[in-house]
Structures are given as C-alpha cells and as structure tokens.
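Engineer: Here it is, the structure in full.
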Amino acid sequence: MRMALWAAEKAKIALSGSEESIIALMDSELGVKDEDDEDVYLDIPIVRATLDDLIAERISDSITSARDTMEKAGLNANDIERIVFVGGPTHYKPLRDKVSFELGIAASTDVNPMTAVAEGAAVFAESIDWSSESRGRKSNRGALSTGGKIDLTFNYIARTPDFRAKIAAKLGGNFIEGTEFQVDSLDTGWSSGRIKLKDGATIEVDLGKPGENTFKIFVFDAQGGPLTLTNNKIVISRTAATIDAIPASSSIGIEINNKGRGELVYLVKEGDPLPKKGSETFKAIESLRAGSNNALHFILREGEIKNPITDNRFIGELTIKGTDFDEGVISQGDELLCDYEVIDSGQVKISVSVPKIGASFNSDRNFYSRQQGQIDFTNASKQIAEEVDTVREKIETISEKVDDPKLDQALQKLDEAK
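The opening residue of the sequence shown carries number 3 in the working numbering; numbering runs sequentially from there.
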C-alpha cells in the first residue's frame with residue numbers, strides 16, 4: 003500500500019505539468035502476488051480531469067472557508083492584494099487558478115509554498131520581545147531622551163519595513179535659540195547636515211540595510227560648539243514585514259449561572275485583536291470555607307452557541323478549593339475579581355482575587371489547564387459515536403423547520419465520521 007501511494011503521488015505531481023500521467027510500479031518494486039500467485043504491477047493511466055474531480059470538494063471547502071474568514075474580518079477581494087499559497091499541493095496550477103478565480107484575487111508564486119510557513123514564522127518570531135516575561139511584541143515606536151544640558155527628546159519609528167523612517171525632535175523648557183542638530187548614519191556615513199532645532203523638527207533617514215540601522219545625534223549651540231549628550235544613538239530596524247495584531251480565532255468565555263440559566267461572559271470574541279487584557283467581576287454562587295474540600299469552579303468554553311452553552315467546546319477550568327487559602331470564608335454573593343490575558347498564541351492566563359478574604363489566586367499556579375480540554379480520540383470511539391448521534395438529532399430537528407442544503411451536507415459528514 004505504501005508503494006502504491008508513492009506511485010500515485012508521483013503521478014499526481016506529474017499532472018502539474020501535463021494533461022495525463024500513469025500510476026506505475028514494476029512488479030519488482032511492488033513485491034506482491036495475487037491469489038493466482040501472479041506478480042502484481044501497476045499501470046494505471048490517469049488524466050488531469052480525473053484528479054480535478056477528486057479534489058474538487060476539498061478545494062470548494064477551502065474557498066468557502068476563505069470567504070467566511072474574509073467576511074469575518076470585514077474584507078472583500080478589493081482589499082487583498084494577492085493570495086500566498088502554502089504547501090506542496092498548491093504547486094498544482096489548476097488548483098491555484100481555481101482558487102484565484104473563485105475569490106477574485108490574484109494568485110502569487112513569489113513565495114515558495116514549501117517555505118512560506120517557515121518564512122512567516124521567522125518574521126513573526128523576530129517581532130517578539132523574547133527578553134520580556136510576557137513575550138509581548140517589540141514596540142514599533144521609540145524615544146531617545148538625550149540628557150545633558152538641554153531637555154530634548156527624539157521620537158522615531160523604531161521598526162518598519164520601509165526604506166525610510168522619520169525622526170522628530172521634541173523640546174522641553176530650557177531651549178536656547180540658534181541651536182542646531184545633525185543626524186549621521188554610522189552604517190553608511192550619510193549625514194543630514196546641520197538643521198535648525200525647534201519643537202517638532204522632523205527629518206527622514208535612509209535605512210540602508212535589513213535589520214538594525216544605527217544613527218548618531220549631534221546637537222550644536224548658537225556658537226556652533228557641540229553639546230555633550232548622555233544618550234546620542236538611535237537604532238531603527240528595517241523589518242521584512244509589519245506584523246499586525248493577530249485576530250482571535252475563536253470566542254472564549256467563562257460559564258456563569260445567571261438566575262438558574264447558564265451564560266458565557268466572553269473574555270475575547272472571535273476576530274478581536276490579540277493580545278488582549280481585561281477584567282471581569284463575578285459573584286460566588288456558594289460559600290467556601292478555608293480548609294474545606296469544596297471548590298468554586300470557573301469553566302472556560304470556546305464558541306458562541308447561546309443555548310445550550312454546554313454545546314460550546316470545553317477547554318479548561320479554573321478551580322479555587324478551600325484548601326487553597328488558610329483562613330476566612332468566601333460567602334455566597336461575594337465579589338470575585340478576575341483578571342485575564344489572552345496572548346498571541348491563544349493561551350488564556352487568569353488570576354482571581356477575593357477582596358473579602360484578601361487573597362489572590364495566581365502567581366505560582368496556572369489555573370487554566372489546556373490538558374483538561376483535550377480528548378484522546380484514539381480511545382474515544384464510543385464518545386464520538388454518541389456525540390454524532392446527539393448532533394444528528396439536533397440537525398434533523400432543525401431540518402423539519404428549515405430547508406437548507408447545508409443541513410444535508412452536515413448529515414452526510416456525520417455519516418462519514420461515524
């Protein structure tokens with residue numbers, strides 16, 4: 003089977019450049035005999051039209067997903083310059099042509115599909131401040147306070163994919179009329195020459211190389227003498243691209259009980275720019291005494307299904323046990339202040355403080371455990387079958403009142419999954 007798949011893959015690749023090919027394997031390569039003890043070999047002609055039919059549904063699903071993503075982002079074809087294809091299968095030109103035609107966006111082959119993900123990951127990794135604990139983004143803006151006898155700050159674009167960047171002067175109170183400044187590139191030797199120093203004075207500098215470009219600031223008094231500056235160097239990085247905020251791929255909320263009805267209080271909604279920080283105030287639904295075995299549970303779910311909320315995917319649980327604090331009682335109705343952060347990767351960090359007992363539950367413990375929401379599908383065939391039946395019942399109930407071909411497609415996929 004492995005050799006047959008390899009031969010089929012070779013033929014598929016060949017169809018990228020020709021209208022027909024052959025799935026071929028010699029009997030010596032295959033090493034298999036049939037029931038009559040005859041050697042088996044492969045010699046199966048295949049044409050491009052056959053391959054197109056085989057992959058048509060997958061391509062259609064990809065196009066639909068792309069349209070949905072564009073719609074959620076509030077974009078249309080006119081807002082997107084080109085499509086960058088990723089992965090070996092996109093070397094197949096009919097696939098690229100079909101996707102480009104259906105979406106109405108030009109296809110690009112400037113980026114190697116085999117390295118596109120790695121290149122994108124490298125660009126993204128370069129934008130991260132790895133020295134920070136939160137692994138946040140490097141700032142695109144910089145400021146240099148020169149120090150010395152003059153109250154002077156230079157604001158500048160610290161990171162840009164452009165070949166030029168602006169540096170602007172901001173003056174404080176002790177300004178001497180007739181003062182000038184000069185910016186020199188330590189990489190190329192370029193010099194701006196002396197420029198009259200005033201509040202808001204701006205100069206554009208060339209970024210001659212990718213990566214860090216270093217510039218030195220000089221300031222001269224009214225007599226032309228140089229002023230001593232404590233800080234006089236500016237570093238501007240020319241990057242491969244500008245990394246915008248990453249949108250949240252899904253909505254994540256905490257399950258609460260509102261007058262006996264389950265609701266989700268969303269920490270982040272699908273499409274929200276990440277990272278995102280915030281806080282929410284909850285009420286304890288039951289009492290919790292220090293040292294007891296009881297617990298307060300904060301269940302995290304992913305999705306936007308309003309009823310029942312349990313249909314949203316369970317992804318983790320924050321649990322505060324009575325054994326987590328030494329004294330006091332959290333009474334029913336007491337405030338629970340929840341601070342959260344959803345970082346670029348989608349990881350959720352949560353801490354909870356309880357003013358009533360003066361306790362905070364965070365620091366050395368990560369209450370959000372992704373493991374809780376994971377399922378080992380290799381050993382979950384019974385669970386999958388039960389969930390398929392449950393979803394089927396819901397779809398059939400909806401189908402009685404709604405006539406939509408997508409419901410039939412969903413039923414078909416459920417049958418395939420089962």
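We put the beta carbon where it would ideally sit given N, CA and C, even for glycine.
Just mark Pro47 as buried or exposed, buried being the case when its beta carbon has 16 or more other beta carbons within 10 Å.
Structural biologist: That one is exposed.
Engineer: Check whether the Cβ atoms of Glu304 and Ile258 sit closer than 7 Å, and answer yes or no.
Structural biologist: no
Engineer: Got a sec, what are the start and stop residues for the beta strand (DSSP E) Ile256 sits in?
Structural biologist: Ile254 to Asn260
Engineer: Please list the terminal residues of the continuous beta strand (DSSP E) segment that includes Ala10.
Structural biologist: Secondary structure note for Ala10: it is in no beta strand (DSSP E), and the uninterrupted alpha helix (DSSP H) holding it is Arg4 to Ala16.
Engineer: What does a CB cutoff of less than 6 Å around Asp274 pick up in its chain, not counting 5 residues either side in sequence?
Structural biologist: Ala250
Engineer: What whole-angstrom Cβ distance do Gly335 and Asn296 have, given they're in contact under 8 Å?
Structural biologist: The C-beta separation of Gly335 from Asn296 comes to about 16 Å, leaving the pair out of contact by the 8 Å criterion.
Engineer: Using DSSP's beta-bridge definition, name the partner residues of Ile48.
Structural biologist: Ser23
Engineer: Which class does Gly264 belong to by DSSP, given the choice of helix, strand or coil?
Structural biologist: Here DSSP, grouped into helix, strand and coil, assigns Gly264 to strand.
Engineer: Buried or exposed: Tyr43, going by 16 or more other Cβ atoms within 10 Å of its Cβ?
Structural biologist: exposed
Engineer: Name the residue from Asp164, Lys279 and Ile345 whose alpha carbon lies nearest to the alpha carbon of Asn142.
Structural biologist: Asp164
Engineer: Once you ignore the five residues that flank Gly174 on each side, which residues in its own chain have a CB closer than 6 Å to its CB?
Structural biologist: Asp153
Engineer: Go to Leu97, then tell me how far its alpha helix (DSSP H) extends in each direction, as first and last residue.
Structural biologist: Lys95 to Leu105
Engineer: From the DSSP secondary-structure annotation, give me the bridge partner or partners of Leu146.
Structural biologist: Its beta-bridge partners are Phe156.
Engineer: For Pro310, which residues of its own chain have a beta-carbon under 8 Å away from its beta-carbon, when the five flanking residues on both sides are left out?
Structural biologist: Gly264
Engineer: What is the DSSP secondary structure of Ser133, reduced to helix, strand or coil?
Structural biologist: coil
Engineer: Smallest Cα separation from Thr155: which of Ile107, Gly202 and Ser252?
Structural biologist: Gly202
Engineer: What's the gap between the Cα of Phe363 and the Cα of Ala75?
Structural biologist: When rounded, the distance between both Cα atoms is 36 Å.
Engineer: Determine the closest residue to Ala51 out of Glu83, Ile85, Lys14 and Asn78, with distance taken between C-alpha atoms.
Structural biologist: Lys14
Engineer: State the Cα-Cα distance for the pair Gly210 and Glu319, rounded to the nearest angstrom.
Structural biologist: Cα-Cα distance, rounded: 51 Å.
Engineer: In three-state terms, what does DSSP make of Leu320?
Structural biologist: strand
Engineer: Helix, strand or coil, according to DSSP, for Asp341 in the structure here?
Structural biologist: strand
Engineer: If I'm right that Asn234 touches Lys218 with Cβ under 8 Å, what's the distance once you round it to whole angstroms?
Structural biologist: 6 Å
Engineer: If you run the structure through DSSP and keep just helix, strand and coil, what is Arg60?
Structural biologist: helix
Engineer: Secondary structure at Asp391, three-state DSSP: helix, strand or coil?
Structural biologist: helix
Engineer: Excluding sequence positions up to five away, which residues of its chain have a Cβ less than 8 Å from the Cβ of Leu276?
Structural biologist: Ala247, Ile248, Pro249, Ala250, Val270, Val344, Ile345, Asp346 and Gly348
Engineer: Roughly how many angstroms lie between the CA atoms of Ile256 and Val350, to the nearest whole one?
Structural biologist: Near 11 Å, if we compare the C-alpha coordinates of Val350 and Ile256.
Engineer: Smallest Cα separation from Lys151: which of Ala68, Leu231 and Asp410?
Structural biologist: Nearest C-alpha to Lys151: Leu231.
Engineer: Taking Ser20 as the reference, which of Leu53, Lys285, Asp131 and Asn114 has the closest Cα?
Structural biologist: Leu53
Engineer: I need the straight-line Cα distance from Leu302 to Leu290, nearest angstrom please.
Structural biologist: 20 Å
Engineer: Pick out whichever of Glu83, Glu282 and Leu409 has its Cα sitting closest to the Cα of Ile352.
Structural biologist: Taking only the C-alpha atoms, the option nearest Ile352 is Glu282.
Engineer: Could you say which of Lys100, Phe87, Ala170 and Gly226 lies nearest to Lys200 if we only look at CA atoms?
Structural biologist: Ala170
Engineer: Per DSSP, Thr162 is paired with what?
Structural biologist: Thr162 pairs with Arg240.
Engineer: Taking the beta carbon of Ala9 as the centre, do at least 16 other beta carbons fall within 10 Å, making it buried, or is it exposed?
Structural biologist: buried
Engineer: For Gly149 and Pro212, what's the separation of their Cα atoms in angstroms?
Structural biologist: Those two C-alpha atoms are separated by around 29 Å.
Engineer: Tell me, to the nearest whole angstrom, how far the beta carbon of Val86 is from that of Val119; I am working on the premise that it is less than 8 Å.
Structural biologist: With a Cβ gap of about 10 Å, Val86 and Val119 do not count as contacting.
Engineer: Figure out for me which residue from Lys100, Met116 and Thr117 has the closest Cα to the Cα of Asp109.
Structural biologist: One detail in the question is off: residue 109 reads as Ala in this sequence, not Asp. Nearest option by C-alpha distance: Lys100.
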